[in-house]
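Going left to right, the sequence shown walks through residues 201 to 305 as the working numbering numbers them.
By construction, the Cβ of each residue, glycine as well, lies at the ideal position given by its N, Cα and C atoms.
For clarity, every value in this text was computed on a predicted model and none was experimentally measured.
Below is one structure, written out as structure tokens; comments come after it.
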Amino acid sequence: MRSLHEHIKNTRVTVNALHPGAVATNIGVDRETGFGKRIIKLLVPFFRTPEKGAATAVFLAMDEKVSSISGAYFYDEKEVSISGLGQDNELADRFWKWSMEQVGL
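As structure tokens, then:
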């Protein structure tokens, strides 16, 4: 996100990252064996609903308050600090170069 932000900062496009929280979905369930289904059922009371998990993404896509913010990290519809590892410019550059190679650019 930070590298992409740097590459597009002179445009009208914005890019941000978000953490949806722990969301109760079947994403981690093995579709062939059903492994993980019981674990999800046990954890549902402690996890967010899919709607709550999507709330920050919808907020970033729709709310005028964030329309000019770019290069930030959000949780629960609020901008929060990026971890130390996430602030590592050398690592971000390496990941950008690797990503470009992976997509053939």
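| Item | Value |
| --- | --- |
| With 16 as the cutoff for other CB atoms within 10 Å, does residue 203 come out buried or exposed? | buried |
| Pull up the DSSP beta-bridge partners for residue 312, would you. | Absent from the structure is residue 312, since the part of the chain shown begins at 201 and ends at 305. |
| With DSSP collapsed to three states, give me the class of residue 265. | helix |
| Compare the C-alpha of residue 277 against each of 292, 207, 217, 213 and name the closest. | 217 |
| Take the Cβ of residue 256 as the centre, count every other Cβ of all protein chains shown within 10 Å, and call the residue buried at 16 or more, exposed below. | buried |
| Would you kindly work out how many angstroms separate the C-alpha atoms of residue 228 and residue 251, rounded to a whole number? | 17 angstroms |
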